[in-house]
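Residue numbers for the sequence shown follow UniProt numbering, so the first one is 1 and each next one is one higher. Beta carbons: idealized from backbone N, C-alpha and C, even for Gly. Let me begin by presenting the structure, written as structure tokens, before commenting on it.
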Amino acid sequence: LPNPLLVAARSSKYPVDLVAAGHFDAAMSMLHSHIAVSNFAPLKPIFLQIYSASRSFLPASPGAPHLSPLISSSSDKFTFVRPFSLHSLLALLQSAYKATTAGKFADAIVIFRNILLSIPFLVVSKKSQLEEAHQLISICREYILGLSIEKHRRDSAPSSTRLLELAAYFTHCSLQPVHEQLALQSAMSIAYKLKCYKSAASFANRLLNLGPSSRIATQANQILVISDRNPNDALDDFAYDPYNPFDICASSYVPIYKGHSKLVCHYCAASYSTDLDPKSLGTCTVCLISKIGDPNSTLASGSIDQGTSSSRFLIFDHKGNVVISHQIEYSNAYPHPGWVQNDPKEILLSVLNSVESCIEKFVKMGHSVSDIVAVGITNQRETTVAWDSETGECLTDAIIWSDTRTRDVVQRLTKKDVNTEIPKICGLPLATYFSAVKMVWMLENVDAVKKANQKGSIDQGTSSSRFLIFDHKGNVVISHQIEYSNAYPHPGWVQNDPKEILLSVLNSVESCIEKFVKMGHSVSDIVAVGITNQRETTVAWDSETGECLTDAIIWSDTRTRDVVQRLTKKDVNTEIPKICGLPLATYFSAVKMVWMLENVDAVKKANQKGTLRFGTIDSWIIYKLTGKHITDVTNASRTMLMDLKTLQWSDKSCEFFGINKSCLAEIKSSSEVYGQITYGALKGVSIAGDLGDQQAATVGQLCFSPGEAKNTYGTGCFMLFNTGETPIFSKNGLLTTVAYQLGPNEKPVYALEGSIAVAGSAIQWLRDKVGLISSSSQVNNLAATVKDNGGVYFVTAFSGLFAPYWRDDARGIITGLTQYATSGHIARATLESVCYQTKDILDAMNADSGTDLKKLRVDGGLTNSDLAMQIQADILGIEVIRPEMRETTAFGAAIAAGLAVGFWKNKTEIMGQNVTTVFKSKIGSDKREKMLVGWKHAVQKSFGSV
């Protein structure tokens, strides 16, 4: 404790004053500390007086826990009966929170004081428990001050608003998770009882993000439901600002209500509102030393001066004179010509030692550490340090400002900045002197820095879920995939349990993170996570329970044919496609929602209750991981409910389909922080990117310029053609969709899309249903046993034909079979089917754009087959380009997340991918035309099958 307190203790007067003011914690702490360095006997009477007075303040209400006796006094001996455990004090803290929630401020103040009284007797065995004890001290002092102020106000002018303001304030203290949860729970209850539903919902959402127990989570979710039904608060004069409900005094976190002037404690600079009589507090409740308003206290300020070769600590008085200082010199290292570096720990140690030595001199002069009200820092500039936020340890030596190892980096960046844009932004030339080039050098050359800078991507597909981790250069560090099977209960029906889909995502994440950690990495290395998903697949759940109401209807499902036919007749002027850019088809989410509303009882009931929530797979995953109902513009554009021009839900479309907008997710851009993951291996990591799988592949292929196109070969096959910032409505059977919007303030980019329902799933059909192959990879070897298709064509219209035909009456057929045909011809015809349908889409895109594509970028599982890509080049007659890194879909989601959190500053910073294989046509135009004629005949035969 500060020397003035020890002096006061020896006078046997100051602790008595503390007791009279009710500050038993300060008195007991002071005496307990003094006992350790002095003879106990002279302080015995004071100790007895404090102990006796404090016992009368123990909580007396039946619901409040009592402290066991701290001290046993008999004759002249004092014995500490038992040390307090942290668990017992946390139980007492919960009782204090309950008293606060009930508005019993006097009882709460007593309980908080008793916790402080117990801290000196707390025995801890771990550093974390010691930190928790310090946290308890801060919380109790803060509450005692706040409740004293509030009690004074409430006694003079009771106000429900002030009660809620107080609750709001305490939830913004810098608390440990266990304390933050208790504070939020109390605040939520207060707001709910006052019928301030907006505020209650805000507290509830924050509480859910902490991953509370199921009982508390249920209570919070119930409050959210009630909040949805009651949008207006009962208190018209209270508007809760979740970021700054008060002006906060930075030095002491004392709440100062807006509109009031301040009284300041001259000893610690704590602020008080002038409508509170300072005499009612007496001693400052924050520093527990000076009287509020006392102008005679001696103040001093400190300064850390960290230089290139030394560190100093100086103490200044009120007039700016140096009271005392201490300097410690150190040497930098010069391992190579032009290199100047030092261990950041050595620099820090020089600072700490200079402070300790200076303070030692300062105290010997008769001053106290408590005389120093604040400390400033000045430092060598541009010197750059890299450390790990999880361990707090530096990752490499600091690069000193005068270091010139970054000359090559500067030269490369100077060539890149051809228009000298960077100096116009920051006012500095590109030079080795500044920090950014030092950071670039570390990212490129220090393994520990590279490892601490990764991002993850959840790739949720039609038949599997994967989690991949990418480094700054876009390389896959590690991944894990989990496959699952969909259900086919009736012809044309494709469905799955949303919980099974979610579980496959969670398990892929857990397994991938386990591998990642074994490689020597840490979860904290992952700066953000992006999500890419199968589009159009539709989930319905109850917002009250968070549980799904029926199986998800997969995008390729065709059970909605009757719904589509009925709605097509209703939309006589084809108004809906003009709004959303999509034709009325079984493919899209809105008709799946209509089917559920008409055929699933649980969905009907939830709709009537107002608790029904619809979403695509991305919004289902985000909801379960963060508690927020959110989707992005690319997924929303596949529902038929979003207006392509406004990027918001269309009133006209929602009314046409009979969908209540309150059931739908909030639409966000594809690249922004949506929330933090609340549980599992990635708890606390932000989800910051969201793109439908084909749009994600477009971003992953870096198709950022109008006129560029990519084709993804997955379960289905999807070609996207970048049309720029203006949507083009197709006249040739293509879809108009949003390609991406990489930030809430960025303009959206649109695309024309051609979709093939069956691609890789046809190979799965050969394996699982027909038994022609035992693994998917065998189709390539089997197809290679023949030189051509032998006249066999396979139209894989298992669920109709998508672009450019849009025939839901088509079904799969194999034509041209003769006794000459073998299993090799059927395998080749399966690969060719995807390539022919790609040709159909490419022709439509050329017609709509008015420009013939010269090359096609490809990705997806089927591109692993050299034979399939050669067939594709032969049928198209243009170059087919396959990138080295083929995980472009997951990479696109990672790019979106990385841009949102500053992992990359902009699109131009993202490194391009090296082309490893270019496939060129090996057949002439006559043969190509003959093959295409055979394909067209086969397609015609597939029509009218149902």
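Ignore the nearest five residues each way along the sequence and tell me which others in residue i's own chain have a CB closer than 6 Å to its CB.
i      : result
Gly302 : Ile315, Ile372 and Val375
Lys624 : Leu502
Ala96  : Ala108, Ile111 and Phe112
Asp852 : Asn846
Val901 : Val527, Ala528 and Ala688
Leu801 : Arg807 and Ala810
Asn507 : Ile482
What do you reckon, are the CB atoms on residue i and residue j nearer than 8 Å?
i      : j      : result
Lys668 : Asp632 : yes
Ile458 : Ile621 : yes
Asp690 : Arg535 : no
Glu514 : Phe434 : no
Thr796 : Gly816 : no
Ser670 : Gln764 : no
Ile304 : Val363 : no
Val738 : Tyr750 : yes
Leu395 : Trp387 : yes
Ala829 : Phe794 : yes
Ala585 : Val564 : yes
Pro498 : Cys580 : no
Leu735 : Glu746 : no
Ser389 : Ser354 : no
By the 10 Å Cβ neighbour count, where 16 or more other Cβ atoms means buried, how is residue i classified, buried or exposed?
i      : result
Cys426 : exposed
Phe729 : exposed
Ile377 : exposed
His472 : buried
Gly320 : exposed
Pro423 : exposed
Gln695 : buried
Val792 : buried
Leu597 : buried
Thr537 : buried
Tyr253 : Note on Tyr253: pLDDT 26, under 50, position unreliable in the model; the coordinate value appears next. Classification for Tyr253: buried.
Asp403 : buried
Ser942 : buried
Val418 : exposed
Arg215 : exposed
Thr406 : buried
Lys787 : exposed
Pro804 : buried
His490 : exposed
Gly366 : exposed
Ala938 : buried
Asp571 : exposed
Can you give me the Cβ contacts of residue i inside the same chain, cut-off strictly under 7 Å, excluding the 5 residues immediately before and after it?
i      : result
Lys920 : Ala873 and Glu879
Gly307 : Gln380
Tyr197 : Ile226, Ser227, Asn230 and Asp233
Pro429 : Pro423
Ala697 : Lys710, Thr712, Asp859, Thr888, Thr889 and Gly892
Asn342 : Asn332, Ala333, Asp397, Ala398 and Ile400
Ile359 : Val369
Assuming residue i contacts residue j (C-beta within less than 8 Å), just tell me the rounded distance between them.
i      : j      : result
Ile687 : Ala665 : At roughly 13 Å, the Cβ-Cβ gap does not stay under 8 Å, so Ile687 and Ala665 are not in contact.
Ala398 : Pro337 : Wrong, their Cβ atoms sit about 19 Å apart, outside the cutoff.
Phe704 : Met640 : At roughly 27 Å, the Cβ-Cβ gap does not stay under 8 Å, so Phe704 and Met640 are not in contact.
Thr462 : Ile554 : 6 Å
Given residue i, which residues of its chain have a CB within under 8 Å of its CB, disregarding the five upstream and five downstream residues?
i      : result
Gly877 : Ser921, Ser925 and Arg928
Ala762 : Phe794, Thr796, Phe798, Thr830, Ser833 and Val834
Run the proximity test for residue i: is its beta-carbon closer than 7 Å to any non-hydrogen atom belonging to the ligand ADP?
i      : result
Ser465 : Inclusion of the ligand ADP in the displayed structure is not the case, the ligand content being empty and no account of it being possible.
Is there a C-beta anywhere in chain B that falls below 8 Å from the one on residue i?
i      : result
Pro883 : Here there is only one protein chain, and chain B is not present.
Count Cβ pairs between the region 647 to 658 and the region 697 to 717 that sit closer than 8 Å; are there 3 or more? no
Using 8 Å as the threshold, is the region 538 to 549 in touch with the region 601 to 619, meaning 3 or more CB pairs across them? yes
Give a yes or no on contact between the region 855 to 872 and the region 819 to 826, applying the rule of three or more CB pairs nearer than 8 Å. no
Evaluate contact between the region 829 to 846 and the region 859 to 870, counting only Cβ atoms and requiring at least three cross-stretch pairs below 8 Å. yes
Would you call the region 479 to 496 and the region 507 to 522 touching, i.e. three or more CB-CB distances under 8 Å? yes
With a cut-off of 8 Å, do at least 3 Cβ pairs link the region 715 to 728 to the region 886 to 902? no
Determine, using beta-carbon pairs with one atom in the region 669 to 683 and one in the region 764 to 781, whether at least three such pairs fall under 8 Å. no
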